[in-house]
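Participant: Below: one structure in structure tokens.
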Amino acid sequence: TSFGFKDVREEEKSRLVGNVFSSVASSYDLMNDLMSGGLHRLWKDRLVSDLNPYPGIKHLDVAGGTGDVAFRILERVSSVKYRALQDASVDDLQEETKIYVCDINPNMLNVGKKRAMERGLAEQKSLVWVEGDAEALSFDDESMDGYTIAFGIRNVTHIEKVLSEAYRVLRPGGRFLCLELSHVEVPVFKDLYDFYSFSVIPAVGELVTGDRNSYQYLVESIRRFPSQDVFASMIADAGFQKVEYENLVGGVVAIHSGLKI
Ligand code: SAM
């Protein structure tokens, strides 16, 4: 490949991924906004509106270190108040809501915890921060109503393991949702996007973080990630039913979903 990452070994991959997220944790928000033109916020909103979480949900957000997805879920769950008029138990249900944020990198979890404090959510018992590996989750079988992973699955070593773990921890009826940078096939737009990702992103990454290699690696990892259809069939192979995906911005990102029956 053009960046010499072709023969990257697994340890090397883990090390590079680790470097990206340790060195970038603090400038992480800024880079997300710069690279996506702020769109990542809308994409995460879309993910959470697709999930449609409800009071009392037991939800697992994997690779969720910074809390971006978890805060949106909590906000949406907390806004479900209308039923309280007829049904006082909605308040009790709100208290039973649990959103587990699992991330392999304690630095990222610390960013999330800090942001929770800034948002006045330090005492919020619904948020649970857990250090752990998406490929070997510490949660019980069939313990979750929902599972999300946003911009996380692309960087793992074994995608299949992540999917089978997602399937294991979901209860029957539980939903899997994945937001990930994907593949643009729209003519002309594809050329613009290629230029943007191969030329602009590493340059901006270097300017902001001083770390060009990590961003070249990120761009390369987008290219290596399976196409929308291949990824959908991997989700089905893990056991999920009703597997679908939706492209956003012509496939710059895609939201894949599946149901455990
Ligand atoms: N979900 C957040 C968001 O959308 O802003 C964070 C995405 S960030 C690009 C990727 C995250 O995946 C990092 O926090 C990293 O630590 C985490 N990660 C990488 N490999 C992981 C693994 N095997 N298990 C759990 N988390 C992992």
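For what it's worth, full-length UniProt numbering labels the leading residue of the sequence shown as 29, then goes sequentially.
By construction, the Cβ of each residue, glycine as well, lies at the ideal position given by its N, Cα and C atoms.
Predicted model only: the values in this text are computed from it and were never measured.
Please determine whether the Cβ atom of V184 lies at a distance below 7 Å from any heavy atom of the ligand SAM.
Facilitator: Yes, the ligand SAM has a heavy atom inside 7 Å of this Cβ.
Participant: State buried or exposed for R147, treating a residue as buried only when at least 16 other CB atoms are found within 10 Å of its CB.
Facilitator: Exposed, since its Cβ has fewer than 16 Cβ neighbours within 10 Å.
Participant: Considering just the uninterrupted stretch of the beta strand (DSSP E) at residue 305, what are its terminal residues?
Facilitator: This structure does not reach residue 305, given that the chain is present from 29 up to 289, and the question cannot be answered.
Participant: Is the beta carbon of L137 less than 8 Å from the beta carbon of R203?
Facilitator: It is not a contact, given that the beta carbons lie outside the stated cut-off.
Participant: Within the continuous alpha helix (DSSP H) that includes V82, where are the two ends?
Facilitator: In the sequence as presented, Val is not what sits at residue 82; that position holds Tyr. It is not in any alpha helix (DSSP H) - Y82 carries neither H nor E in the DSSP assignment.
Participant: What are the boundary residues of the beta strand (DSSP E) that includes D173?
Facilitator: Taken as a continuous stretch (DSSP letters only), the beta strand (DSSP E) holding D173 covers M172 to A178.
Participant: R203 lies in the beta strand (DSSP E); which residues open and close that run?
Facilitator: Per DSSP, R203 belongs to the beta strand (DSSP E) from L198 to L209.
Participant: Looking at E272 and the ligand SAM, is the gap between the Cβ and the nearest heavy atom below 7 Å?
Facilitator: For the ligand SAM, not one heavy atom lies less than 7 Å from the Cβ of E272.
Participant: What residue range does the alpha helix (DSSP H) around V236 cover?
Facilitator: Run containing V236: I229 to T237, per the alpha helix (DSSP H) assignment.
Participant: In whole angstroms, give me the CA-to-CA distance for Q122 and K141.
Facilitator: Each residue's alpha carbon lies about 21 Å from the other.
Participant: At the level of alpha carbons, what is the spacing between R143 and L67?
Facilitator: The straight-line gap from Cα to Cα measures roughly 20 Å.
Participant: Measuring CA to CA, which of Q269, A178 and W71 is closest to V129?
Facilitator: Checked all of Q269, A178 and W71; the closest Cα to V129 is A178.
Participant: With a Cβ-Cβ cutoff of 8 Å, do V108 and I85 count as a contact?
Facilitator: No, they are not a contact pair.
Participant: When burial is assigned at 16 or more other CB atoms within 10 Å of the CB, is G174 buried or exposed?
Facilitator: By the 10 Å Cβ count, G174 comes out buried.
Participant: Can you tell me where the alpha helix (DSSP H) holding Y243 begins and where it ends?
Facilitator: Counting along the chain, the alpha helix (DSSP H) containing Y243 begins and ends at R240 to R252.
Participant: Give a yes or no on whether the C-beta atoms belonging to L198 and E170 are separated by under 8 Å.
Facilitator: Yes, these two residues count as a Cβ contact at 8 Å.
Participant: Run the proximity test for E123: is its beta-carbon closer than 7 Å to any non-hydrogen atom belonging to the ligand SAM?
Facilitator: No; taking the cut-off as 7 Å, the Cβ of E123 has no heavy atom of the ligand SAM nearer than that.
Participant: Roughly how many whole angstroms lie between the Cα atoms of A257 and N183?
Facilitator: First, the residue type needs correcting, since residue 257 is Asp and not Ala in the sequence shown. In a straight line, the C-alpha of D257 is about 19 Å away from that of N183.
Participant: Would you kindly check if the distance between the Cβ of I181 and the Cβ of E208 is under 8 Å?
Facilitator: Yes. Within cutoff.
Participant: Taking 8 Å as the limit between beta carbons, can you name the residues of its chain near L102, skipping five residues before and five after?
Facilitator: Result list for L102: T125, I127, L149, Q152, S154 and L155, in chain order.
Participant: Return yes when the Cβ of V139 is within less than 8 Å of the Cβ of T94, no when it is not.
Facilitator: It is a contact, given that the beta carbons lie within the stated cut-off.
Participant: Sorry if obvious, but does the Cβ on T237 come closer than 7 Å to a heavy atom of the ligand COA?
Facilitator: For the ligand COA, the structure offers nothing, since it holds only the ligand SAM.
Participant: I'd like to check one pair, I263 with D78: are the Cβ atoms closer than 8 Å?
Facilitator: No; because the gap between Cβ atoms is not below 8 Å, this pair is not in contact.
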